[in-house]
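Undergrad: Quick note on our numbering: the sequence shown kicks off at 12 and runs consecutively.
Every residue gets a Cβ at the ideal spot worked out from N, C-alpha and C, and that includes glycine.
What follows is a single structure, and I will ask about it in a moment.
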Amino acid sequence: MKKTILLILVSILFSLSVAAQEKFTTYDNVYGKKTYDIQLSLKDTDKFTLYIDAMSLDKLHKTGGFMVDNKKHQGFIDALSQAKAKYQEWVKTAKDNNVNELDKEMKIKSRVAGFFLYGGDWHFQYMVNLTFDFKILESGGETEYLLIVRSGKMQSSSNQFMDVDGVVLVFSSDIEIEEFTSAISLEKINGFKNKPKSDDLFKD
Numbered sequence: 012m013k014k015t016i017l018l019i020l021v022s023i024l025f026s027l028s029v030a031a032q033e034k035f036t037t038y039d040n041v042y043g044k045k046t047y048d049i050q051l052s053l054k055d056t057d058k059f060t061l062y063i064d065a066m067s068l069d070k071l072h073k074t075g076g077f078m079v080d081n082k083k084h085q086g087f088i089d090a091l092s093q094a095k096a097k098y099q100e101w102v103k104t105a106k107d108n109n110v111n112e113l114d115k116e117m118k119i120k121s122r123v124a125g126f127f128l129y130g131g132d133w134h135f136q137y138m139v140n141l142t143f144d145f146k147i148l149e150s151g152g153e154t155e156y157l158l159i160v161r162s163g164k165m166q167s168s169s170n171q172f173m174d175v176d177g178v179v180l181v182f183s184s185d186i187e188i189e190e191f192t193s194a195i196s197l198e199k200i201n202g203f204k205n206k207p208k209s210d211d212l213f214k215d
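Printed below as a string of structure tokens:
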């Protein structure tokens with residue numbers, strides 16, 4: 012009973028946080044030919060949560076993404092930096108050896124949270140163990156080298172019967188990885204945090 016009440020309270024708090032988030036920036040998924048939003052929820056002086064919309068792998072539920080709070084932010088950035096370095100190394104190896112097909116997981120780990128829209132309600136999984144995959148495929152006569160950051164299957168913390176197949180970040184170049192990492196850097200977050208609000212610019 013206590014566990015159920017706790018889960019309900021946590022869900023309410025996260026729902027309030029979602030409602031209070033602000034449009035922070037966007038990023039391009041060149042592979043998926045789509046631009047996704049990144050929202051930012053500011054809580055206290057040093058507390059924040061990024062809500063990163065991502066490509067859904069679920070056929071029915073198309074809205075979802077990753078939540079990265081201030082405690083997990085540096086670990087997420089470090090994992091992306093490691094993945095970028097490994098991506099560059101493996102792209103060179105693939106080109107040097109004429110490898111045109113591959114699907115290999117990197118030995119990189121990072122833990123964040125996830126969210127998804129199920130029907131008209133937001134649901135959350137508070138512990139998502141990310142995996143980082145390097146994939147080579149041929150499309151239209153061109154070879155593509157992808158870094159795929161996967162959530163894996165996500166299940167609602169408040170209802171075990173509500174789950175989705177997960178979401179992914181897909182990068183098709185080291186430049187895309189760098190631009191994404193820069194967009195969510197602590198420097199950019201602090202700049203956004205310290206930017207004066209529109210109402211504060213116009214004094215009576």
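Whole angstroms are fine: how far does the CA of PHE126 sit from the CA of MET78?
TA: Using only the alpha carbons, I get a separation of about 7 angstroms.
Undergrad: Under DSSP, the beta strand (DSSP E) around VAL159 begins and ends at which residues?
TA: For the sequence presented, residue 159 should be read as Ile rather than Val. Here the beta strand (DSSP E) through ILE159 covers 153 to 161.
Undergrad: Where DSSP assigns a beta bridge to GLU149, which residues make up the other side?
TA: In DSSP, GLU149 forms a bridge with THR154.
Undergrad: Using only alpha-carbon positions, find the residue among PHE135, ASN81, SER169 that is nearest to GLY177.
TA: Comparing Cα-Cα distances from GLY177 to each of PHE135, ASN81, SER169, the minimum goes to PHE135.
Undergrad: Quickly, what does DSSP pair ALA105 with across the bridge? List them, please.
TA: For ALA105, which the question treats as bridged, DSSP gives no partner whatsoever.
Undergrad: Measuring straight from C-alpha to C-alpha, what distance separates ILE19 and SER168?
TA: Because the pLDDT at ILE19 is just 45, under 50, the model does not fix this residue reliably, and the point stays unresolved.
Undergrad: For MET165, count the other beta carbons within 10 Å of its own beta carbon; 16 or more makes it buried, fewer makes it exposed. Which is it?
TA: It counts as buried.
Undergrad: Would the region 89 to 100 and the region 57 to 77 be scored as touching if the rule is three or more Cβ pairs under 8 angstroms?
TA: Output reads no: the region 57 to 77 does not touch the region 89 to 100.
Undergrad: By the 10 Å Cβ neighbour count, where 16 or more other Cβ atoms means buried, how is SER22 classified, buried or exposed?
TA: At SER22, the pLDDT of 46 sits below 50, so the modelled position is not reliable; the number obtained from the coordinates is stated separately. Result: buried.
Undergrad: Can you list the alpha helix (DSSP H) stretches of 4 or more residues lying completely in the region 164 to 199, in chain order?
TA: Qualifying alpha helix (DSSP H) stretches, in chain order: 185 to 194.
Undergrad: What residue ranges within the region 37 to 73 form continuous beta strand (DSSP E) runs of no fewer than 3 residues, ordered along the chain?
TA: The region 37 to 73 contains these whole beta strand (DSSP E) runs: 45 to 53, 59 to 64.
Undergrad: Please classify ILE186 as buried or exposed, where buried requires at least 16 other C-beta atoms within 10 Å of its C-beta.
TA: With fewer than 16 Cβ atoms within 10 Å of its Cβ, ILE186 is classed as exposed.
Undergrad: Once DSSP output is grouped into helix, strand and coil, what is the label at GLN136?
TA: GLN136 falls in the strand class under three-state DSSP.
Undergrad: Taking the Cβ atom as the reference point for each residue, do LEU68 and VAL179 lie within a distance shorter than 8 angstroms?
TA: In contact: LEU68 and VAL179 (Cβ atoms closer than 8 angstroms).
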